[in-house]
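Engineer: Chains as they are written, first to last, in the working numbering: chain A, 13 to 351; chain B, 13 to 351; chain C, 13 to 351; chain D, 13 to 351. Every residue gets a Cβ at the ideal spot worked out from N, C-alpha and C, and that includes glycine. Submitted below is the structure of interest, expressed as structure tokens.
4 protein chains.
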Amino acid sequence: MSAPTIRAGVIGATGYTGYELLQLLHRHPQVELAWATSESSAGKRICDLYPSPDETPLIPQQDAKLEGVDVVFLCLPHAASMEAVARVRAAGVRAIDLSADYRLPDAVVYQRWYGHPHTQPECLKEAVYGLCEINRQRIRGAQLVANPGCYPTTINLGLWPLARAGVLEPRIIADSKSGVSGAGRKLRLSSHFVEANENISPYSIGYTHRHIAEMELVLGSYVPDLEITFSPHLLPVNRGILSTIYIDVDPSLDEEDVRRIYAEAYADEPFIHLLPAGQLATLRHTVGSNRCAIALTPLPRPGQWIVTVSEDNLLKGASGQAVQNMNLMFGIPETTGLI
Amino acid sequence: MSAPTIRAGVIGATGYTGYELLQLLHRHPQVELAWATSESSAGKRICDLYPSPDETPLIPQQDAKLEGVDVVFLCLPHAASMEAVARVRAAGVRAIDLSADYRLPDAVVYQRWYGHPHTQPECLKEAVYGLCEINRQRIRGAQLVANPGCYPTTINLGLWPLARAGVLEPRIIADSKSGVSGAGRKLRLSSHFVEANENISPYSIGYTHRHIAEMELVLGSYVPDLEITFSPHLLPVNRGILSTIYIDVDPSLDEEDVRRIYAEAYADEPFIHLLPAGQLATLRHTVGSNRCAIALTPLPRPGQWIVTVSEDNLLKGASGQAVQNMNLMFGIPETTGLI
Amino acid sequence: MSAPTIRAGVIGATGYTGYELLQLLHRHPQVELAWATSESSAGKRICDLYPSPDETPLIPQQDAKLEGVDVVFLCLPHAASMEAVARVRAAGVRAIDLSADYRLPDAVVYQRWYGHPHTQPECLKEAVYGLCEINRQRIRGAQLVANPGCYPTTINLGLWPLARAGVLEPRIIADSKSGVSGAGRKLRLSSHFVEANENISPYSIGYTHRHIAEMELVLGSYVPDLEITFSPHLLPVNRGILSTIYIDVDPSLDEEDVRRIYAEAYADEPFIHLLPAGQLATLRHTVGSNRCAIALTPLPRPGQWIVTVSEDNLLKGASGQAVQNMNLMFGIPETTGLI
Amino acid sequence: MSAPTIRAGVIGATGYTGYELLQLLHRHPQVELAWATSESSAGKRICDLYPSPDETPLIPQQDAKLEGVDVVFLCLPHAASMEAVARVRAAGVRAIDLSADYRLPDAVVYQRWYGHPHTQPECLKEAVYGLCEINRQRIRGAQLVANPGCYPTTINLGLWPLARAGVLEPRIIADSKSGVSGAGRKLRLSSHFVEANENISPYSIGYTHRHIAEMELVLGSYVPDLEITFSPHLLPVNRGILSTIYIDVDPSLDEEDVRRIYAEAYADEPFIHLLPAGQLATLRHTVGSNRCAIALTPLPRPGQWIVTVSEDNLLKGASGQAVQNMNLMFGIPETTGLI
């Protein structure tokens, strides 16, 4: 009885997310890489672009054959992914999209946050939001999975148990700090070493960052009139996100009640690391792994809590979760090929 | 007409704060260093402890003569400073204390936060809280100045205009991030390079950090029932603090009103850098200078604001502000010897 | 046909090397961890010491049963390892020692470099130097493997092909740069974040560092009158070593000859990454993997070359190579459990 | 008796070197900034480009009036500076050029290293190489000073005493490590945070970097047949250069002789920090100051030494030395406005 092999293609393999995904797929015992595409670097190999022995050739998207491929990962920028996904789905091939194009529930919400219309409403209808711990059953049968955003994964996993239990108050303040790889490999002044090093910079703070839409999607289905304030900061590290989340909880719950809600919600979750009372989440809890670490700190004022959550933005926040989704979709153990 | 010379002594010169202060005093055109003390390193010179050409000899505290000295700076740990200040004051010499021992208004509050009694209540009575922009008149005549804590300086300067104007709501969430020098030169695992680098760690979050007492002191005098949540984080940089502060303001004020309150409060302040609308404070705005940078960001929900504040924790947050206090105490231009 | 399982014990599991090794063993498909010891932290678990979900309990060395154990890894400081290895060997259990105690060929050389006598000359005789690419055959049958030092691995792998071919001139200058984890988890001022960050510090330069003995051991057997100048530097990164090595080669060899010598020496080596002409080795070529990257740069003056070599000091420079040695000793594929 | 005021213009003020220079000039007690130019950002202010309160307006070069200006600093890229300097000199205004265009002794050498002809041979003739400690007398009367390159300053200052004394052997290996600001503010992948952080990268190693020409200029006048191997590395820090230099010295000199040669050569030099025996130069010895730190380490083999040298690449390696040159040219104390 030999394990099945999944033939996978990767569209857009040369950004940080795509490169990370390729490395995960190379090490995955049940995946065979069919091809990897890059428009800007077609004809080159990964080792021409990265300090790596990876000799995977890069081909243009139009040369990427969909026949015989079981799943396609798309690591394209937002908007560019919309039609590429549709082409994959038109060929009947399953798709995991790492962009934001298929994460929101309908074209109206999409246009409100992204400022341009969604051109593929049919595909959008079949998309399943790939936050594995919350949506596992629907992911198993999905043909198209929208891989969650990096920031929302920390905040949604950090608050979902309380939201689902109906005890989370609507006003939420999430102060998030992300490593620079989250901003991609594209050259920009804010990612220039001298500007980012020995610095921390807030950006898009308040109610402007598009990732808020995903938090409203997941948490808003349980908490009416959700009111999220979200402040991302650029941190002088390569990888990792820490979210420090300030919340109010039904004050009739004592500390033990709150901890039990999390323990039950995440019992047996292989990638959720609930920290014991007294510990706080740090980047080092998760960087290099697909885990999400969650710590709960009660304030002396009843009902007030701080939830600290960390993840590796390129793993649980992107490519690691994409592989976790693939494992679910193809019915193999969820942790295969992941740490 | 030659400028007067201030003869200054430094007690506890070998920590980061003491060393930074020595360098400022060496460059100050009107200061002559009388002596610098260290118990652990008496007999050595600064250049034996730091990669520096500074040959200042270190003497034990008991050999430090107070006659002929105009001012003594104390850079001792909390509690150790209490009696050392009293000895300086008993000799009639003016003192600037960089510890927390004289910052709080009375011995009762001190004991509540620091857990041991204050042994010098007489000295405590004459101490003036040295937040220059807010307390300038009292500092001018002071014999004993308690130099503010690093974190409280960002939060107090960031919110004082609104507090004084009576428009600040009591619930405040301050998410602060500090460079590792704020934890001192003492060896501890959390300051070990491998542990702090590529990481960010929250610590003492909620309502446990002693610096909250100073925020209640300054802001609480204007805002009844103040309710501060304060979350410090250790940041992988050497110097600098960024505080991201979430507040509610009287919703009848529009954006222009709020900006005007700050502009008037800090008109002509040489060390306050009010950022224009649309900019956010970052460490690079202030590291290396005695400035405090403040940016105001309105949220779409009326009355909700985010205030981002940065400073260099060793300058405006410690030794730079100590020199600013000295300049005020001795009637010389407030910016002398500072950048 | 199921794969054999190797029962492994780890002595000294709480330093950076021991912790890294534990993580590798947990992921190794053919290893079962028997126990892990720590004197200072006996009774605690790994997750009490590291930001990790690893609940491995730590026991004192005296409670570690050798019966039923196939191999013991020792991650003790130099000198402390000497007798611990002897106890393991006395029980007939194979050992892989990550300290320097069994790397040198005899007790006289050991005492010259380490300043104290070697108390276990019998064990020393059976020890095999575990530089896998060079000593593979002897490692396969070894009962005791001395895992090489981190710096020597870069320099020995970087020069061995030329030394073996008899074309390397004896005067060698190796300028090496290492991440701070190489100095261990012990608290010391040079590893304090503020001191190491934004800095680079040479130390033990010239002919003083003990690792030179290992270079003389490996290269000196081919090159008479070897004259190594070795300058380590502490680099503000967590992991990785880069060695920039200045050598003279028989000037009758042209560039192609030299490249061919390396290509042949390292043909089919899974962990040697020979970079193509024009590329230089950087830390990013190897950090996170067990690879060693080697690049050759000819100077315009005939016979002069610069060899740049990088590795992850905790993997190929320590725990990764230890697992590679174990794989060889137990006859399983050399790359099992390694990246 | 009031101090004279020097009216200074800055051409090319928006790179790291130009910005650093502006800050030095603002703090210089005897300088008045006449104007600052930028082609790409004309119409903006410094505070629009940098996190700074500096409101200096930026004008296009053609609007910069030379009348009434005492000195012009040019911070342009190589080649671009050639004609801009000539225009300044044609107006009879003294110039300090921070590019490489006027550093080499004649047009032939310039073309050999820079690959294009020198279009202003007349100006080139009057240029004085502005390495203050070595060329002080000629700088005093100079109309045009070519400010030295950052790397050569460390190597030339580190070896000049021995070269001048006629005891330096011609074969020199300089392994240099520089902070990322040395590569400028221009966006490029090697300066992207994620690529440079947690890394060290050699580049242009061997005999290819143009800065070798300046070393041959200074040291080659004393040492016939100089043979320099120069290997720059990109270091994950913002500022600072460390050069580790391997040399041979006349073996008849003992350690004391060599130290005396340096002590005499640099007696009373305000910006040379000769470290005592046993210390090694690190970045922290000099970053933030205009100093150059030099340490001498003898090897056990007679005549072999390692010289470690550090500087702040933006101060002694660029803008600080430019101000030092200005001070010399205008007859004011050499240390004015510098730390």
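1) Rounding to the nearest angstrom, what Cα-Cα distance links GLU346(B) and GLN336(B) in this structure?
2) Can you give the Cα-Cα distance for ASN209(C) and GLY178(B), rounded to whole angstroms?
3) Please list, in chain order, the residues of the stretch 13-38 of chain B that have any C-beta partner in chain C closer than 8 Å.
4) Give the interface partners of GLU67(D) over in chain B, defined as CB-CB distance under 8 Å, in chain order.
5) To which residues of the same chain is GLU79(D) closer than 8 Å at the C-beta, ignoring the five residues directly before and after it?
6) Output, in chain order, the set of chain A residues within a Cβ distance shorter than 8 Å of ASN325(D).
7) Evaluate GLU226(A) with the Cβ neighbour count: other Cβ atoms within 10 Å of its Cβ, from every protein chain shown; 16 or more gives buried, anything less gives exposed.
8) For GLU51(D) and LEU37(D), what's the separation of their Cα atoms in angstroms?
9) Could you work out which residues of chain B lie near ARG197(C), taking near to mean beta carbons separated by less than 9 Å?
10) Given a threshold of 16 other Cβ atoms within 10 Å of its Cβ, counted over all protein chains shown, does LYS56(C) qualify as buried or as exposed?
11) Using a Cβ-Cβ cut-off of 8 Å (strictly less than) and excluding sequence neighbours within five positions of VAL192(C), which residues of its own chain qualify?
12) Using a Cβ-Cβ distance cut-off of 9 Å, determine whether LYS189(B) contacts chain A.
13) What's the C-alpha gap between ASP187(C) and PRO244(C)?
14) On the three-state DSSP scale, how would you describe MET13(C)?
15) By DSSP, does ASP75(D) sit in helix, in strand, or in coil?
16) Is any heavy atom of the ligand ADP found at a distance shorter than 8 Å from the C-beta of GLY329(D)?
17) Measure the C-alpha to C-alpha separation of TYR215(A) and PRO214(B) and round it to an integer number of angstroms.
18) Short of 9 Å Cβ to Cβ, which residues in the stretch 220-251 of chain C face chain A?
19) Mind pulling the beta strand (DSSP E) runs of 3 or more residues that sit fully within the stretch 265-347 of chain A?
20) ILE253(C) and LEU287(C) - do their beta-carbons sit closer together than 9 Å?
21) Can the beta-carbon of ILE306(D) be found closer than 9 Å to that of ALA293(D)?
22) Is SER352(B) close to chain C? Criterion is C-beta to C-beta, closer than 9 Å.
23) Chain C beta carbons: is any one of them nearer than 9 Å to that of GLU363(A)?
24) Would you please verify whether the beta carbon of VAL192(D) is less than 9 Å from any beta carbon of chain A?
25) Check distances from the C-beta atoms of the stretch 118-137 of chain A to those of chain C and list, in chain order, the residues that come in under 7 Å.
26) Please report the distance separating the alpha-carbon of MET13(A) from that of VAL81(A).
27) Using a cut-off of 8 Å between C-beta atoms, extract the partners of PRO312(C) located in chain D.
28) On the DSSP bridge list, what partners appear for TRP47(C)?
29) For the alpha helix (DSSP H) containing VAL121(A), name the first residue and the last one.
30) Is there at least one Cβ from chain B nearer than 9 Å to ARG271(A)'s Cβ?
31) At a CB-CB cut-off below 9 Å, which residues of chain A make contact with VAL299(B)?
32) List the residues of chain A that TYR258(B) touches, going by C-beta distances under 7 Å, in chain order.
33) What does the alpha-carbon distance come out to for the pair ILE284(B) and PRO89(A)?
34) Listing by chain order, which chain B residues have their CB less than 8 Å from the CB of THR309(A)?
35) Using beta carbons (cut-off 9 Å, strictly below), is ASN339(B) in contact with chain C?
36) Mind listing which residues of the stretch 275-302 of chain D have their C-beta closer than 8 Å to chain C's C-betas, in chain order?
Structural biologist: So, to answer that:
1) Your numbering for residue 346(B) matches position 334 in the second sequence. Your numbering for residue 336(B) matches position 324 in the second sequence. Each residue's Cα considered, the two are about 6 Å apart.
2) As a position in the third sequence, residue 209(C) is number 197, starting the count at 1. As a position in the second sequence, residue 178(B) is number 166, starting the count at 1. About 43 Å.
3) TYR28
4) In the fourth sequence, the residue the question calls residue 67(D) occupies position 55. The CB of GLU67(D) never comes closer than 8 Å to any CB in chain B; the least such distance is about 11 Å.
5) Within the fourth sequence, residue 79(D) is the residue found at index 67, counting from 1. Within its own chain, the residues whose Cβ lies closer than 8 Å to the Cβ of GLU79(D), once the five positions on either side in sequence are excluded, are ALA103, listed in chain order.
6) Mapped onto the fourth sequence, residue 325(D) falls at position 313. Per Cβ cutoff of 8 Å: no residues; ASN325(D) is ~11 Å from chain A at best.
7) By one-based count along the first sequence, residue 226(A) stands at place 214. With 16 or more other Cβ atoms within 10 Å, it is buried.
8) For the purposes of this step, residue 51(D) is taken as the residue at position 39 of the fourth sequence. For the purposes of this step, residue 37(D) is taken as the residue at position 25 of the fourth sequence. Each residue's alpha carbon lies about 21 Å from the other.
9) As a position in the third sequence, residue 197(C) is number 185, starting the count at 1. What ARG197(C) touches in chain B: LEU201, HIS204, VAL206 and GLU207.
10) Taking the third sequence and counting its residues from 1, the one referred to as residue 56(C) is at position 44. LYS56(C) should be labelled exposed.
11) Numbered from 1 along the third sequence, position 180 holds the residue referred to as residue 192(C). Counting only Cβ-Cβ distances below 8 Å, and skipping sequence neighbours, we find SER203, ALA208, LEU246, LEU247, PRO248, VAL249 and ASN250.
12) For the purposes of this step, residue 189(B) is taken as residue 177 along the second sequence, with counting starting at 1. Under the 9 Å criterion on CB atoms, LYS189(B) is classed as interfacial with respect to chain A.
13) The residue given as residue 187(C) occupies position 175 in the third sequence. The residue given as residue 244(C) occupies position 232 in the third sequence. Cα-Cα distance, rounded: 6 Å.
14) Here residue 13(C) corresponds to residue number 1 of the third sequence, with the count starting at 1. With a pLDDT of 44 at MET13(C), under the threshold of 50, the predicted position of this residue should be treated as unreliable, and no value is reported.
15) The sequence position of residue 75(D) within the fourth sequence is 63, counting from 1. It is helical.
16) Of the ligands one can find in the structure shown there are none, so the ligand ADP has no counterpart to examine.
17) By one-based count along the first sequence, residue 215(A) stands at place 203. By one-based count along the second sequence, residue 214(B) stands at place 202. Looking at the two C-alpha atoms, the distance is approximately 20 Å.
18) none
19) You should have 284-286, 304-310 and 316-323.
20) By 1-based counting over the third sequence, the position of residue 287(C) is 275. By 1-based counting over the third sequence, the position of residue 253(C) is 241. Contact flag unset, no.
21) Here residue 306(D) refers to the residue found at position 294 of the fourth sequence. Here residue 293(D) refers to the residue found at position 281 of the fourth sequence. Yes, Cβ-Cβ distance for ILE306(D) and ALA293(D) is below 9 Å.
22) This structure cannot settle anything about residue 352(B), because the visible part of chain B is limited to 13 through 351.
23) Because chain A in this structure spans residues 13 to 351, residue 363(A) falls outside the shown range and cannot be described.
24) By one-based count along the fourth sequence, residue 192(D) stands at place 180. So yes, VAL192(D) belongs to the interface.
25) Listed in sequence order: no entries.
26) Position 1 of the first sequence holds residue 13(A). Position 69 of the first sequence holds residue 81(A). Residue confidence for MET13(A) is low, a pLDDT of 45 falling below 50, so the modelled location carries little weight; the figure read from the coordinates is stated next. If you draw a straight line from the Cα of MET13(A) to the Cα of VAL81(A), it comes to about 22 Å.
27) Counted from its first residue, the third sequence places residue 312(C) at position 300. Simply GLY218 and TYR219.
28) By 1-based counting over the third sequence, the position of residue 47(C) is 35. BP columns for TRP47(C) point to GLY21(C).
29) As a working mapping, residue 121(A) is identified with position 109 in the first sequence. Residues 119-126.
30) Start at 1 with the first residue of the first sequence, and residue 271(A) comes out as number 259. Chain B contact via Cβ: absent.
31) As a position in the second sequence, residue 299(B) is number 287, starting the count at 1. Going along chain A in sequence order, the residues near VAL299(B) (Cβ under 9 Å) are GLU210 and ASN211.
32) Here the question's residue 258(B) lines up with position 246 in the second sequence. Neighbours of TYR258(B) on chain A, chain order: ILE185 and THR241.
33) As a position in the second sequence, residue 284(B) is number 272, starting the count at 1. As a position in the first sequence, residue 89(A) is number 77, starting the count at 1. One C-alpha to the other measures close to 40 Å.
34) By one-based count along the first sequence, residue 309(A) stands at place 297. Within 8 Å Cβ-Cβ: ILE217 and GLY218.
35) The residue you call residue 339(B) lines up with position 327 of the second sequence. It does not; no Cβ of chain C falls within 9 Å.
36) LEU292, ALA293, THR294, LEU295, ARG296 and VAL299
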